[in-house]
Amino acid sequence: MTQHLKPCEENITESDSEIRAALEHCSVPALMMSMIHMSGDASLLQGDIRPNTAFMGEIQGFMPPEQQAAIREQALKMIADYRDRGCTLPAPPDRETVHAMMKFIVGDEVGEEYIDLIIEETNLYGDDRRAFHWDDRPDDETLNNFKVLVVGAGQSGVLCGIRLREAGIAHSIIEKNNGIGGTWWENDYPGARVDVANHFYSYSFEPHHDWPEHYSTQPELAAYFDRVAEKYHVKDSIRFETELLAAHWNEQAQCWDARLRQADGREVQESYAVIISGAGQLNRPKLPELEGYERFQGRWFHSANWDHSIDLEGKKIAIVGTGASAFQIVPAIADQGCKVKVFQRSPPWMFSNERYHATVEDGKVWCLKHLPYYARWYRFLHFWMMADQAHALLFQDPDWKEPRRSISEANEFTRQMFTEHITAQCGDDKELLAKVLPDYPPMGKRTLQDNGSWIGALRKPNVELVTESVVELTEQGLTDSAGDEHDFDIIVFATGFYATRFLWPMDIRGKGGISLQEWWGDDPVTNLGITTPNFPNLYCIYGPGNNLGHGGSLIFYSECQVRYILGCLKHMLENNLQELECTEEASRAYWEKFSEAAARTVWAHPAMDNWYKNKAGKVTTTSPWRLIDFWGWTKEPAMDEFRSA
664 MTQHLKPCEE
674 NITESDSEIR
684 AALEHCSVPA
694 LMMSMIHMSG
704 DASLLQGDIR
714 PNTAFMGEIQ
724 GFMPPEQQAA
734 IREQALKMIA
744 DYRDRGCTLP
754 APPDRETVHA
764 MMKFIVGDEV
774 GEEYIDLIIE
784 ETNLYGDDRR
794 AFHWDDRPDD
804 ETLNNFKVLV
814 VGAGQSGVLC
824 GIRLREAGIA
834 HSIIEKNNGI
844 GGTWWENDYP
854 GARVDVANHF
864 YSYSFEPHHD
874 WPEHYSTQPE
884 LAAYFDRVAE
894 KYHVKDSIRF
904 ETELLAAHWN
914 EQAQCWDARL
924 RQADGREVQE
934 SYAVIISGAG
944 QLNRPKLPEL
954 EGYERFQGRW
964 FHSANWDHSI
974 DLEGKKIAIV
984 GTGASAFQIV
994 PAIADQGCKV
1004 KVFQRSPPWM
1014 FSNERYHATV
1024 EDGKVWCLKH
1034 LPYYARWYRF
1044 LHFWMMADQA
1054 HALLFQDPDW
1064 KEPRRSISEA
1074 NEFTRQMFTE
1084 HITAQCGDDK
1094 ELLAKVLPDY
1104 PPMGKRTLQD
1114 NGSWIGALRK
1124 PNVELVTESV
1134 VELTEQGLTD
1144 SAGDEHDFDI
1154 IVFATGFYAT
1164 RFLWPMDIRG
1174 KGGISLQEWW
1184 GDDPVTNLGI
1194 TTPNFPNLYC
1204 IYGPGNNLGH
1214 GGSLIFYSEC
1224 QVRYILGCLK
1234 HMLENNLQEL
1244 ECTEEASRAY
1254 WEKFSEAAAR
1264 TVWAHPAMDN
1274 WYKNKAGKVT
1284 TTSPWRLIDF
1294 WGWTKEPAMD
1304 EFRSA
């Protein structure tokens, strides 16, 4: 039984005073849900003390301190009773009560469509609805001959390995690096951390309550994925420093002929029934098209390839870019005795989160481990306020009177809130404020979480923000668009990735030798971002249109996609099929629906210059859907959208 099937990880043996101390660090709304589970009494839902709303990381529902204290005292008595009766629970709440609990914890209306999702997330009734199950299990010989190639050992590749092993399907995972974690193995630059709360950014079936920080750093994340891979024996299937160069569909044999480059540099040919790409969107670093790379006499590198051999002390450093990576790098190196110039194309919107760099208190860890269902409701709280609650903010109101600065009344309110946060940090420095305050609608680019570290770093005497663009590299540094020359010892390009070049530079060819890159072009028509016509038995995780721009956890999205893919493999194996290919009609219908929705989002706004768009200005990388929508569509594949043989 995996951890998430249990109401809690450990029974309570602590004294009343120890419990009281731990409760000082709990989320009171999540605590109230646990109280209902422990007592079987849902009358709390009708009381006067209740969360007001869940918004932008506020885990206490904006409840006044005196109300929080009153609930903690009431909870202490319930917890002591639960402890003293041997940590036994009454029957779980029924669906109607679960729905009322969902609305209560977030202080908002939550549609009935979310009930099954939260029941699945909590495993409230004891059945793991995300685990793989056969209806008619094939024999071992069939499963061993149906070989699957998984490309990448990041979070989605590890997840694939777990589910394929669970199903008993033969598979091999190849990873171009020599470690597990994908982006969390590669991006080890100073300050690298996740900007989704870790208790949501983790596998639903493998919660980790001992995160040292609320938003953990790269080493902790890489260690988590490595630990999970070890626990579920995924490492047994991984071939490190092995890269997929090409895969061609063999129409006669109905399989994929793959060309791999191994760790020793040799290229080999292997055949697989199915290929699943877990390569993702953000794994090929992008450098700006500049002249002079070869002229520069110092050291330059991309942030995803950080050179840790360099001592930054006394160095003059350029950071090119002000996206998510630079936002983390600059505060991390600003106190290392170096001089830093940051070259900004456009400033990021950010919102206040005091817990962004905060450590997790021992009391909070105790609550996560000991209070029944507390951890699962705490996860749902983050699911709601950091994802689907914000979904409506994405869409443009065609009648809105100020389309240049915002896209709707709610978006304008968000702009004012973000502006107040930025303005307060700049103090009386009007020149800095003019540089760091965006002129485009909020949420049009990746919105960053901030505890004051970014602007605090920019205000340091050894840090300078330059708003001129970089034109070229020189022997001593670089030249900007104003013609000014800047001397540097180190130039760091925090300039993102080739996000719209899916499965690049692999040469993938489907039926009739058609190239996947040519078929997709700059506008990749797929079904759910997972399957593509003319490319049978090929599945993509975190493919076209599956980035999350309004919040949420890519791990949650991966769990949705992997369940869908395993559903396809199950259908093939139980029905003795050699190939399964999504129809062009289903693909085009989905992509038209996707394109229509994406065109109404803030990302498609004419003022936006973001990596969500293709060269024609159309949003192709990022999902316009609520998480609940995608979860529903991927619970099982609709076989009328496929042709088989």
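FYI, the numbering for the sequence shown is 664 to 1308, going by our numbering.
The C-beta atom is built at its ideal place from N, Cα and C for all residues, glycine as well.
By the Cβ test, the region 1238-1257 is in contact with the region 1190-1197, since at least three Cβ pairs between them sit closer than 8 Å. In the displayed model, Pro882 falls within a helix according to three-state DSSP. In this chain, the alpha helix (DSSP H) harbouring His1033 covers Asp1025 to His1033. When only Cα atoms are considered, Gln1112 and Tyr935 end up about 43 Å apart. Short of 6 Å from the beta carbon of Glu1242, and not among the five residues preceding or following it, lie these beta carbons of its own chain, in chain order: Gln917, Pro1199, Asn1200 and Ala1308. Under DSSP, Asn1190 takes part in a beta bridge, and its partners are Thr1194. In its chain, beyond the 5 residues on either side, Cys671, Glu673 and Ile675 have a beta carbon closer than 6 Å to the beta carbon of His1033.
Between the alpha carbons of Ser1009 and Asp899 lies a distance of about 45 Å. Membership of Ser934 in any alpha helix (DSSP H) is not indicated; the residue belongs instead to the beta strand (DSSP E) covering Glu930 to Tyr935.
In the structure shown, the three-state DSSP call for Ser1307 is strand. Under DSSP, the beta-bridge partners assigned to Ile1154 are Trp963 and Ala981. Taking C-beta atoms as the reference points, Lys1233 and Val1126 fail to come closer than 9 Å.
Look at the region 1210-1282 and you find these whole runs of alpha helix (DSSP H), each 4 residues long or longer: 1217-1237 and 1247-1262. The C-beta separation of Thr985 from Pro948 comes to about 17 Å, leaving the pair out of contact by the 8 Å criterion.
Taken in chain order, the complete alpha helix (DSSP H) segments of 4 or more residues contained in the region 831-862 are 846-849. In this structure, Pro1187 is the residue among Phe1151, Pro1187 and Glu1148 with its C-alpha nearest to the C-alpha of Arg1164.
In the DSSP annotation of this structure, Asp803 is not part of any beta strand (DSSP E); the continuous alpha helix (DSSP H) holding it starts and ends at Asp803 to Asn808. Taking each of Ala816, Cys750, Arg792 and His834 in turn and checking the Cα distance to Ile1204, the smallest one comes out for Ala816. Short of 7 Å from the beta carbon of Glu784, and not among the five residues preceding or following it, lie these beta carbons of its own chain, in chain order: Ser867, Arg1039, Arg1042 and Phe1043.
Within the region 1054-1105, the complete alpha helix (DSSP H) runs of at least 4 residues fall at 1072-1089 and 1093-1099.
Under the three-state reduction of DSSP output, Ser1015 falls in the strand class. Between Ile939 and Ala910, the beta carbon gap of about 11 Å keeps them out of contact (Cβ cut-off 8 Å). In its chain, beyond the 5 residues on either side, Ser690, Val691, Pro692, Pro714 and Gln731 have a beta carbon closer than 8 Å to the beta carbon of Gln723.
Looking at the backbone, the Cα of Val1028 and that of Tyr1037 are separated by about 11 Å. Per DSSP, the continuous beta strand (DSSP E) segment holding Ile1171 begins and ends at Asp1170 to Arg1172.
If you look at Arg924, you'll find it in the beta strand (DSSP E) that goes Cys918 to Arg924. Between Met701 and Ile742, the C-beta spacing is below 9 Å. Counting along the chain, Tyr1037 sits inside the alpha helix (DSSP H) bounded by residues Tyr1037 to Met1048. Non-local beta-carbon contacts of Ala1270 in its own chain, meaning distances under 8 Å to residues more than five positions away in sequence, involve Arg1067, Asp1102, Tyr1103, Pro1104 and Gly1107 in chain order. Here Leu1201 carries a strand assignment [DSSP, helix/strand/coil].
Across the set Lys1298, Thr1285, Glu876 and Glu1138, the C-alpha of Glu876 shows the shortest separation from the C-alpha of Thr1022. Inter-residue distance for Leu694 and Gly831 is about 39 Å (C-alpha atoms, whole angstroms).
Under the DSSP definition of a beta bridge, Glu876 partners with Thr1022. Excluding the 5 residues flanking it on each side, Asn808 has no same chain C-beta neighbour closer than 6 Å. In this structure, Leu707 sits away from Leu812, with a CB-CB distance that is not shorter than 9 Å. It is roughly 7 Å from the alpha-carbon of Asp851 to the alpha-carbon of Ala967.
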